[in-house]
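> Residue numbers (full-length UniProt numbering), protein chains in the order written: chain W, 1 to 112; chain C, 1 to 112.
There are 2 protein chains.
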Amino acid sequence: MSYKIKSRIWIESDKHVLLGEGRVQLLKAIDKTGSLSKAAKALNISYKKAWNLLDSVNKSAKKPVTINSIGGKGGGGAELTDYGKSLILAFDEINKNCWEFLDKQLEKIERI
Amino acid sequence: MSYKIKSRIWIESDKHVLLGEGRVQLLKAIDKTGSLSKAAKALNISYKKAWNLLDSVNKSAKKPVTINSIGGKGGGGAELTDYGKSLILAFDEINKNCWEFLDKQLEKIERI
DNA sequence: TTTCGTTATATTTGTAAAGACATAACGAAA
DNA sequence: TTTCGTTATGTCTTTACAAATATAACGAAA
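1) In the DSSP assignment, what are the bridge partners of glutamate 79 (chain W)?
2) Can you name the residues of chain C whose CB is closer than 8 Å to the CB of lysine 4 (chain W)?
3) Is it true that the stretch 71-80 of chain W meets the stretch 95-102 of chain W, where meeting means three or more beta-carbon pairs spaced less than 8 Å apart?
4) Going by alpha carbons, who is nearest to serine 56 (chain W) out of W:Asp31, W:Gly34, W:Arg23, W:Ile67?
5) Can you find a CB in chain C that lies within less than 9 Å of the CB of asparagine 58 (chain W)?
6) So, for aspartate 92 (chain W): in the same chain, excluding its five sequence neighbours on each side, which residues have a beta-carbon less than 8 Å away from its beta-carbon?
7) To the nearest whole angstrom, what separates the beta carbons of serine 86 (chain W) and isoleucine 112 (chain C), a pair I think is in contact under 8 Å?
8) To the nearest whole angstrom, what separates the beta carbons of alanine 61 (chain W) and alanine 50 (chain W), a pair I think is in contact under 8 Å?
9) Is glycine 84 (chain W) near proline 64 (chain W), with beta carbons less than 9 Å apart?
10) For arginine 111 (chain C), does the three-state DSSP call read helix, strand or coil?
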């Protein structure tokens with residue numbers, strides 16, 4: 001049969017997107033590199049796009065997801081808060097569970 | 001807390017989208033009205049957009065989802081095959097189950 | 001064989017999102 | 001107080017996608 005069920009999940013807060021796959025990817029890259037600009041380069045997106053995404057995340061979240069610092073010798077940087085780290089862990093787990101759930105549902109299509 | 005988990009699911013066949021929410025909505029409107037042009041009007045989308053969607057659906061599906069007829073007194077029309085009707089029923093059920101599943105997962109976010 | 005409301009298809013136009021580019025602001029360390 | 005690599009922000013350009021417009025093809029019934 002070879003039909004496949006695909007899905008996208010995201011978390012909203014007050015009608016605004018808090019987390020989706022792209023945002024989680026960005027947060028992981030920030031965690032790995034220690035800065036927003038390096039994360040943008042790693043993901044091959046413009047700094048501006050990355051900044052807009054991160055700004056949107058922090059504006060939608062109930063608590064700060066990253067701590068951003070400007071200036072200083074190295075120029076500053078960005079790092080995830082414990083809250084941010086917990087969020088991406090939870091998102092990943094839910095996403096994985098969703099895939100498994102949908103895989104099981106596929107047989108309903110295959111029976112047709 | 002008021003975070004919400006949202007989702008979009010779709011069925012692919014060989015890398016092409018077969019069914020998503022918009023396509024299911026269109027197929028339902030065809031079933032109700034008996035024609036593609038009437039369905040497009042009901043959904044307030046252009047006939048061309050509707051035709052492209054339906055064409056894509058029928059090209060991706062293993063068996064015809066609609067039977068389209070040109071010409072004749074009334075001008076022809078379109079109607080769902082039994083296969084098409086079964087597909088949208090299955091899609092709706094899976095989608096509903098997915099929502100319920102994700103609602104349960106939400107507590108993992110709220111615990112943070 | 002004319003009429004009619006469809007399906008089918010091409011072409012042009014408009015618009016919103018993405019991308020490119022430029023630059024100001026910052027502040028710890030040297 | 002100068003330097004440096006960041007964060008922060010504005011503006012212009014491009015591009016992809018949606019929308020609008022136009023028209024051909026069809027064929028059963030009158």
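Each residue gets a CB set at the ideal place from its N, CA and C atoms; glycine is no exception.
Keep in mind the model is a prediction, meaning the values are calculated, not measured.
From the atom records:
1) W:Ile67
2) Ile11, Glu12, Ser13
3) no
4) W:Arg23
5) no
6) Val24
7) 5 Å
8) Wrong, their Cβ atoms sit about 17 Å apart, outside the cutoff.
9) yes
10) coil
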